[in-house]
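Each remark here refers to the structure printed beneath this line.
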Amino acid sequence: MKRTLLMVVPLGLALAAAIGACGPGGGGGQASLIELAQSRGLSPDDAARAIKTFVAPGGRDEYMLFASGGHSGQVHVIGVPSMRLLKSIAVFTPEPWQGYGYGADWSEEALDGPAPGRPGAGAARGTGGDLRWGDSHHPALSETDGKYDGRWLYINDRAHGRIGFVDLADFRTKQVLQVPNLQTSHGGIFATPDTKYVHISSKVPALKGWNASRGQSVSLDDHLNRYPDIYRGYSTFIAVDQKSGRMDVAKSFQIELPPYTQDLADSGKGVSYGYAFINSYNAEMATGGIQQGRPPLEVGASQLDFDFLHIINWQKAEQVVAAGKFTELNGIRVITLETAIAEGLLHLAPEPRSPHGVDIAPKGDYITVSGKLDPHATVYGFDRILKAIADKNYEGTDRYGIPILKFDAVVAGKVELGAGPLHTQYDNTGHAYTSLYLESAVAKWTLGEPYHPAANAFKLVDKVSIHYNIGHLATTHGDTMEPQGKYLIAMNKWSIDRHSNVGPLHPQNFQLIDISGPKMELLADMPIGFGEPHYAQLVKADTIKAHAVYPPGVSPATMEKSPNAIASEKDARIVRRPGVVEVWMNVVRSHFTPDIVTAKVGDTVIIHLTNTEQTADATHGFAVPTKNVMVSLDPGESTTVRFVADTPGTYSFYCTEFCSALHLEMQGWLIVEK
Ligand code: K7E
Ligand code: CUA
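If you read the sequence shown in the numbering used here, its first letter stands for residue 18, the second for the next number, and so on.
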């Protein structure tokens, strides 16, 4: 029935005609679909949009959107086309429902680094374990052969130079890595097409040699007058363990960059595999200092006509590192600027001033850089870049000696799109889609058919208005080598007049756009009631193959059977030693065993909790009043929590998930004696 209806509701056709063709049965027989639509004030187009996005109860969405949660520090998983929120994954910010950051060992390790004695301990840690938020910007799903493989997700923290790693086997964050020498981050995360590396580069350059835990001495005069000498950016290739997905600093490397403000970055693929591209602004190296008589940063950083696209040959960088031509800085191998220049692995190309977004086309042949203040996107041809490098077709060098390729030699064309172009995604029919922040629109333009047009064959072919002020956009698999077309999500910063008033802090607005036809069509709005989302990736839902339950006794920290897992309540026990009470606790519907634990004031209480159920969705919680302990225990999971019994009294711990008819009875006592 639905199928029939879809087939007879082409865009703009009167709903009356559509309903007439599908016969009775709509609206449960109580009212015709046309009456229902009318009673809800829906136009025929509205009703058609509803049908295009509706997912019937019990049905599944075709796609999943992994959206950054901005300064909520989370990642949000949203079903498409229904635009229903499926899950919020805590990454940089504690979140009690998932038991993330409230005593569970795996979550403390993710947020603070491995505990002493565990593998990875002593590697680059956070800046003291007290950071409890991040600004998540750019998610990167892992790839195999340039396609999403559904295994892992990485996301950067714009506020800090950190990367969060989410294992999509259980949708939990396993690692938050402070990248050495970065204070803030922006360029990436992208995964190389084989996920050998994930890349992140600095946003605002940091003091050279910056180490967050040590700090660095500096003066106002240094900042204002020695900026080009004392600040540096870094392009970072973080090695990914191919079995676990974890990031390994020891196998990683960085390339030192000038202190321009490196902005976004994208991975070469196909013909450009082995290269990375980072755009930048503030080639002027403006320092700010309004009260010191300097122009505001936005003025100081807009003096020159050009900024720089950074072109990095990371495969060459890999060889340079293997040959030992690196220095170690804050625990990571660094190729200095001098070495990068001498080895010919770093080139610049002029970008019209103050750009944003650098986005590589599916075959890796074109690189789109958006104008932000200029209505054009500039498209670089990778073949032209290679030729200009081979011919040493330079217009000079920058003040650090990096060769600058001739603009005309590397640009394949420019396309006028509209006001405020920012980010670009691609589809499966040779089109690019660019967000227009100032114009509040998405521009669709052609890369040519097939993707090898003559120069300047890039043409604007369609535009759709959005509401309002779009930042990123995401098409289905739109940054891989095999985009799928069909849908586009506009991620809008402003939602004024779109949603019910919930106070002066307005939701952001996601909009679903149908890109399957020649004209883009807006289908649905989704208010986003969390931190400002930036980038998102839109993946076919069946790419993700998460566990429905953990295999028995698995620790989320290792994804292997925990040595402290127990098989049933027969194995439950309490072991005491001086100053420590250690408990192996069984968790099932609807009791904890043991259900009474005694301790002395000052004891450290260590509880190894195993949910010994294997029934999907039989999740329990474990919360201890006043101890800041909240652990989620999914079926099969074994997790350890530790806290200090610092005050005498009885504490009624309980299960926080309504797991059964006798869930309310699922509680016990911790008795702390003087
Ligand atoms: Cu354009 Cu951080 Cu990706 Cu936001 S950045 S929009
Ligand atoms: Cu277990 Cu509620």
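Cβ coordinates follow ideal geometry from the N, Cα and C atoms, glycine included.
#### Entry: Close-in-space but distant-in-sequence residues of the same chain around residue 455 (CB under 6 angstroms, 5 per side omitted)
As a position in the sequence shown, residue 455 is number 438, starting the count at 1. Correct list, in chain order: 436 and 437.
### Message
If you follow the beta strand (DSSP E) that residue 603 is in, where does it begin and where does it stop?
### Response
Start at 1 with the first residue of the sequence shown, and residue 603 comes out as number 586. Per DSSP, the unbroken beta strand (DSSP E) holding residue 603 starts and ends at 597-605.
### Message
Less than 8 angstroms between the beta carbons of residue 199 and residue 251, yes or no?
### Response
Along the sequence shown, one-based indexing puts residue 199 at 182. Along the sequence shown, one-based indexing puts residue 251 at 234. Yes.
### Query
Within the present structure, is the beta-carbon of residue 488 separated from the nearest heavy atom of the ligand K7E by less than 7 angstroms?
Taking the sequence shown and counting its residues from 1, one reaches residue 488 at position 471. Yes.
### Task
For the alpha helix (DSSP H) holding residue 13, just list the boundary residues, first then last.
Here the chain comprises residues numbered 18 to 691, so residue 13 is not present and cannot be evaluated.
### Query
How many whole angstroms separate the CB atoms of residue 120 and residue 648, which I take to be in contact at a CB cut-off of 8 angstroms?
Here residue 120 corresponds to residue number 103 of the sequence shown, with the count starting at 1. Here residue 648 corresponds to residue number 631 of the sequence shown, with the count starting at 1. Going by Cβ atoms, the distance from residue 120 to residue 648 rounds to 6 angstroms, so yes, they are a contact pair.
#### Entry: Whole-angstrom distance between residue 126 and residue 676, CA atom to CA atom
Counting from 1 along the sequence shown, the entry for residue 676 is found at position 659. Counting from 1 along the sequence shown, the entry for residue 126 is found at position 109. Taking the straight line joining both Cα atoms gives about 27 angstroms.
### Query
Is the stretch 343-355 touching the stretch 270-282 in the sense that three or more CB pairs, one from each, lie closer than 8 angstroms?
Yes, they touch.
### Query
What residue range is occupied by the uninterrupted beta strand (DSSP E) comprising residue 657?
As a position in the sequence shown, residue 657 is number 640, starting the count at 1. Residue range 655-661 is occupied by the beta strand (DSSP E) that includes residue 657.
### Query
Does DSSP classify residue 347 as helix, strand or coil?
Here residue 347 refers to the residue found at position 330 of the sequence shown. In the structure shown, residue 347 sits in coil (DSSP, three-state: anything other than H, G, I, E or B).
### Message
I'd like to confirm something about residue 677: is its beta-carbon nearer than 7 angstroms to some heavy atom of the ligand ADP, or not?
### Response
Within the structure as shown, the ligand ADP is missing, the only ligands being the ligand K7E and the ligand CUA.
### Query
Along the chain, which unbroken stretches of the beta strand (DSSP E) at least 3 residues long are found entirely within the stretch 152-240?
List check, beta strand (DSSP E) in window: 153-161, 164-174, 179-184, 189-195, 202-208 and 214-219.
### Query
Is residue 327 near residue 365, with beta carbons less than 8 angstroms apart?
As a position in the sequence shown, residue 327 is number 310, starting the count at 1. As a position in the sequence shown, residue 365 is number 348, starting the count at 1. Contact: yes.
### Task
State buried or exposed for residue 135, treating a residue as buried only when at least 16 other CB atoms are found within 10 Å of its CB.
Reading the sequence shown from its first residue, position 118 is the one you call residue 135. Reliability fails at residue 135, whose pLDDT of 49 lies under 50, so the model's placement of it is uncertain and no value is given.
### Query
Does DSSP put residue 94 in a helix, a strand or coil?
Translated into the one-based positions of the sequence shown, residue 94 becomes position 77. In the three-state scheme derived from DSSP, where H, G and I count as helix and E and B as strand, residue 94 is classed as strand.
### Query
Regarding residue 552 and the ligand K7E, is the C-beta to nearest heavy atom distance less than 7 angstroms?
Locating residue 552 in the sequence shown gives position 535, where the first residue counts as 1. Yes, since a heavy atom of the ligand K7E falls inside the 7 angstroms radius drawn around the Cβ of residue 552.
### Query
Fully enclosed by the stretch 462-543, which beta strand (DSSP E) runs are 3 residues long or longer?
Whole beta strand (DSSP E) segments, 3+ residues: 476-482, 487-493, 502-509 and 525-531.
#### Entry: Alpha-carbon spacing of residue 248 relative to residue 267, whole angstroms
Here the question's residue 248 lines up with position 231 in the sequence shown. Here the question's residue 267 lines up with position 250 in the sequence shown. Separation of residue 248 and residue 267 (C-alpha to C-alpha, rounded to the nearest whole angstrom) is 24 angstroms.
### Task
Return the chain-ordered list of same chain residues with a C-beta closer than 8 angstroms to the C-beta of residue 157, the five sequence neighbours on each side being excluded.
As a working note, residue 157 is residue 140 in the sequence shown. Take residue 157, set aside five residues on each side of it, and the residues of its chain with a beta-carbon closer than 8 angstroms to its own are 170, 171, 172, 205, 206, 207, 208, 215 and 554, in chain order.
### Task
Using only the heavy atoms of the ligand K7E, determine whether one of them is closer than 7 angstroms to the beta carbon of residue 505.
Locating residue 505 in the sequence shown gives position 488, counting from the first residue. False, no ligand heavy atom lies under 7 angstroms from that Cβ.
### Task
Determine contact between the stretch 232-245 and the stretch 301-320, defined as no fewer than three beta-carbon pairs at a distance below 8 angstroms.
Yes, they touch.
### Residue(s) in a DSSP beta bridge with residue 577
Working through the sequence shown from its first residue, we reach residue 577 at position 560. According to DSSP, residue 577 bridges with 572.
### Query
Is any heavy atom in the ligand CUA found nearer than 7 angstroms to the beta carbon of residue 637?
On the sequence shown, residue 637 is found 620 positions in, with the first residue counted as 1. Using a cutoff of 7 angstroms, the CB of residue 637 counts as near the ligand CUA, since one of the ligand's heavy atoms is closer than that.
### Query
When DSSP labels each residue in this structure, what does residue 456 get in the three-state scheme?
As a working mapping, residue 456 is identified with position 439 in the sequence shown. The answer is coil: DSSP assigns residue 456 none of H, G, I, E or B.
### Query
Quick check: the stretch 99-107 against the stretch 147-166, are there 3 or more CB pairs under 8 angstroms?
No: the two stretches stay apart, fewer than three of their Cβ pairs being nearer than 8 angstroms.
### Message
Let me see if you follow: with CB-CB separation under 8 angstroms, is residue 77 close to chain D or not?
### Response
Of the protein chains in this structure there is only one, and it is not chain D.
### Message
Here's a check: name, in chain order, each residue in its chain whose Cβ is nearer than 6 angstroms to the Cβ of residue 667, leaving out the five neighbours to either side.
### Response
What you label residue 667 is simply residue 650 of the sequence shown in a count that begins at 1. The answer, listed in chain order, is 686 and 688.
### Task
Check whether the Cβ atoms of residue 412 and residue 421 lie closer than 8 angstroms to each other.
On the sequence shown, position 395 is the one that residue 412 refers to. On the sequence shown, position 404 is the one that residue 421 refers to. In this structure, residue 421 lies closer than 8 angstroms to residue 412 by Cβ.
#### Entry: Boundaries of the alpha helix (DSSP H) in which residue 331 is found, first to last residue
Stepping through the sequence shown from its first residue, residue 331 is reached at position 314. Annotation for residue 331: the continuous alpha helix (DSSP H) segment containing it runs 331-339.
### Reference residue 511; option with closest CA among 439, 484, 499 and 520
Working through the sequence shown from its first residue, we reach residue 511 at position 494. Checked all of 439, 484, 499 and 520; the closest Cα to residue 511 is 484.
### Nearest to residue 258 (by Cα), restricted to the options 284, 159 and 356
For the purposes of this step, residue 258 is taken as the residue at position 241 of the sequence shown. Ranked by how close their Cα comes to the Cα of residue 258, the residues 284, 159 and 356 have 159 in first place.
### Query
When you compare only the Cα positions, how much space is there between residue 71 and residue 541?
Taking the first residue of the sequence shown as 1, we reach residue 71 at position 54. Taking the first residue of the sequence shown as 1, we reach residue 541 at position 524. In this model, residue 71 and residue 541 are separated by some 10 angstroms (Cα to Cα).
### Message
Measuring only from the beta carbon, is residue 439 closer than 7 angstroms to any heavy atom that is part of the ligand K7E?
### Response
Taking the sequence shown and counting its residues from 1, one reaches residue 439 at position 422. Because some heavy atom of the ligand K7E lies under 7 angstroms away, the Cβ of residue 439 counts as near it: yes.
### Task
In angstroms with no decimal places, state the Cα-to-Cα distance between residue 176 and residue 405.
Taking the first residue of the sequence shown as position 1, residue 176 is located at position 159. Taking the first residue of the sequence shown as position 1, residue 405 is located at position 388. Each residue's Cα considered, the two are about 36 angstroms apart.
### Query
For residue 355, which of helix, strand or coil comes out of DSSP?
As a working note, residue 355 is residue 338 in the sequence shown. Correct three-state label for residue 355: helix.
#### Entry: Collapsed DSSP secondary structure at residue 673 in the structure displayed
Mapped onto the sequence shown, residue 673 falls at position 656. The answer is coil: DSSP assigns residue 673 none of H, G, I, E or B.
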